[in-house]
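Protein chains in written order, with the working numbering: chain A, 248 to 379; chain B, 5 to 322.
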Amino acid sequence: MQLTIEPNNGIPIYEQLVRQIKYAIAEGVLVPGQVIPSVRDLAKQLTVNPNTVQRAYFQLQNEDVLQSLRGRGVAVCDGAKKQCVVDRQHLLAERLEAVLDEAIRGGLDEDRLRTMFEKALKSAIRTGDRQS
Amino acid sequence: MREVISVNRVSKRFGMRNALNNVTFSVPRGVVFALLGENGAGKSTLIRSMLGYVKLTSGIISVCGLNPLKNPLEIRRRVGYVSDAPGLYEWMTVAQAGWYVSGFYPEGFLKSYTQKINEFQLPHDSKIRDLSKGMRAKVALSLAMSFDPELLILDEPTSGLDPLVRRSFLESMIDRAAAGQTVFLSSHQIAEVERVADWVAILHKGELQIVAPLEELKSSVTILDLSLRDPLLALPEAMDQMEVLHRTQRGRTLHMMVRGFTPEIEASLSQNANLFEIKAIRPNLEDLYLGFTQPFESQFSHESKAQTSSAAKKSEVA
């Protein structure tokens, strides 16, 4: 699991951790049952405050993405993948909305936007096909 | 006792100059607490008075429940301290320095020191005078941590050190915090502080500007960039509901750092015909630091100065 933290990008560090761990589970980089690094190890690896990592782990435990195994650390929950895929879609939708919001403020009309979207979508699918 | 350090109405004058002016805050147990401020802001004076090196003009400091001036020995038993220029005996070897200092602390010191020296890959038999700046800093940090202090105080620990040494310093601080111990540091490395600190305090010209949990501070403050059609028109009333911490105006753009920006205010501002673009962003620590330490700019007219909040006036005077 490779996480990268940008402390000054406006998103709280614990939130960045929550999102990246969910993404890793959604993509299958982390699998259900897998034990993830302890709070102290991850804090040292990323050089971030351990209380911040703890907060991210707590939140993920509350959402039933992670579970604490007594004496063996913290692991990914069995049903976590499905939920993380849904959460990732929500996050993507939010980003898409932000881009659309910017475009509308910038004075682009609906038709123009739709054309741009179709074009971007086609090119993304082509790139995706080439990679797979 | 929840707080490890409590600083109460502390002032220190050097001749005519106020190094610290009525500073009050406390440091909760188990956090990484960072003190920011420009050169000469009073950071080192504050840190030195926590260790009993400085006699205060007025006010009280308590560290681990003790008065540093009255209990200097007990403070040294419980608090690890690394200054920005650690005083070590030049003629001792790395191993001798540990053996010498271990005499002042309970058993276990030397074992822990040796372990840290090995982790830092320091040569046991080299004389202190032959060590580089980074190696000296590592020796000082090892000495300060080897008696497992409940509080570690670091005065600009990473200034002048290369990225690798800085990283191992940060890891040591994280280790202390993960073990539930308190770390108090002063620093100019804002990016580092943003990663490791739970709490920040900003000192400017001897006055405390703000002390708060970092995440809370970031989420309560908003940076507003407003584009005005006519910069001479009065701003909408909704602006008065916010506490202005900093503002600069350049031609038709108004840049502000405010507290208390709500969706209602945003909605009300977006109705205003004079404002044609409103950008609200979450500040990072550097924005906050600059906002709290920079004076207001002179384009700011006198009439509107009178309307701003007390906090704004404070940062102007400071």
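We put the CB at the ideal spot given by N, CA and C, even for glycine.
- Close CB contacts of Arg233 (chain B) within its chain, under the 8 Å cut and outside five residues either way in sequence, are with Arg256, Ala277, Asn278, Leu279 and Phe280 (chain order).
- With the rule of 3 Cβ pairs closer than 8 Å, the stretch 321-339 of chain A counts as touching the stretch 274-284 of chain A.
- Under DSSP, Asp229 (chain B) forms a beta bridge with B:His259 and B:Lys283.
- Straight across, the Cα-Cα distance linking Ile272 (chain A) with Val333 (chain A) is about 11 Å.
- Identification of residues in the stretch 264-298 of chain B having a C-beta nearer than 9 Å to some C-beta of chain A yields Glu281, Ile285, Arg286, Pro287, Asn288, Leu289, Glu290 and Asp291, given in sequence order.
- With 16 or more other Cβ atoms inside 10 Å of its own Cβ, Gln213 (chain B) counts as buried.
- Per the DSSP secondary-structure output, Lys16 (chain B) pairs in a beta bridge with B:Leu24.
- Short of 8 Å from the beta carbon of Pro153 (chain B), and not among the five residues preceding or following it, lie these beta carbons of its own chain, in chain order: Arg82, Val83, Gly84 and Gln185.
- With contacts defined by Cβ atoms closer than 8 Å, Ile282 (chain B) and Ser274 (chain B) form a contacting pair.
- Only residues of its own chain outside the window of five on either side were considered, and among them Ile194 and Glu198 have a CB closer than 6 Å to the CB of Leu289 (chain B), listed in chain order.
- Buried is the label assigned to Ile9 (chain B), since at least 16 other Cβ atoms lie within 10 Å of its Cβ.
- Taking C-beta separations shorter than 6 Å and ignoring five residues to either side along the sequence, the partners of Trp203 (chain B) in its chain run Val35, Phe37 and Pro217, following chain order.
- Here Arg170 (chain B) is buried. Its C-beta has 16 or more other C-beta atoms within 10 Å.
- Identification of chain A residues near Glu198 (chain B) by a Cβ-Cβ cut-off of 7 Å yields Pro254 and Asn255, ordered along the chain.
- Listed in chain order, the beta strand (DSSP E) runs fully inside the stretch 53-132 of chain B are 62-67 and 83-86, counting runs of at least 3 residues.
- The Cβ atoms of Ser130 (chain B) and Tyr117 (chain B) do not sit closer than 8 Å to each other.
- Counting of Cβ neighbours within 10 angstroms places Gln378 (chain A) among the exposed residues, the total staying below 16.
- A check of alpha carbon separations from Asn26 (chain B) across B:Leu258, B:Phe18 and B:Asn12 identifies B:Asn12 as the nearest.
- Here the stretch 235-255 of chain B makes no contact with the stretch 66-73 of chain B; the two share fewer than three CB pairs at distances below 8 Å.
- When DSSP reads this structure, Asp159 (chain B) sits in a beta bridge with B:Ser190.
- In this structure, the beta-carbon distance from Met246 (chain B) to Val262 (chain B) falls below 8 Å.
- Residue state for Phe37 (chain B) is assigned as strand, using DSSP reduced to three classes.
- In the three-state reduction of the DSSP assignment, Ile9 (chain B) falls in the strand class.
- The Cβ atoms of Val286 (chain A) and Gln301 (chain A) sit closer than 8 Å to each other.
- For chain B, the residues of the stretch 290-323 of chain A that bring a beta carbon within less than 7 Å of one of its beta carbons are Ala290, Lys291, Thr294, Val295, Asn296, Pro297 and Asn298, in chain order.
- For Gly353 (chain A), no pairing in a beta bridge is given by DSSP.
- Around the CB of Pro167 (chain B), fewer than 16 other CB atoms lie within 10 Å, so the residue is classed as exposed.
- When DSSP states are grouped into helix, strand and coil, Ile283 (chain A) belongs to the strand group.
- Within the DSSP secondary-structure output, Val265 (chain A) pairs in no beta bridge.
- Proximity of the stretch 255-265 of chain A to the stretch 292-300 of chain A meets the contact definition, three or more beta-carbon pairs being nearer than 8 Å.
- Where Gln253 (chain B) is concerned, the enclosing beta strand (DSSP E) starts and stops at Glu247 to Arg254.
- Under the Cβ criterion of 8 Å, Arg287 (chain A) is counted among the residues facing chain B.
- Below 8 Å, enough C-beta pairs join the stretch 91-107 of chain B and the stretch 141-151 of chain B to call them touching: three or more.
- Of the residues assessed, Thr297 (chain B) falls on the buried side of the cut-off, its CB having 16 or more other CB atoms within 10 angstroms.
- Here Ala183 (chain B) is exposed. Its C-beta has fewer than 16 other C-beta atoms within 10 Å.
- Burial is judged here by how many other beta carbons sit within 10 angstroms of a residue's own beta carbon; Asp134 (chain B) has fewer than 16 and is exposed.
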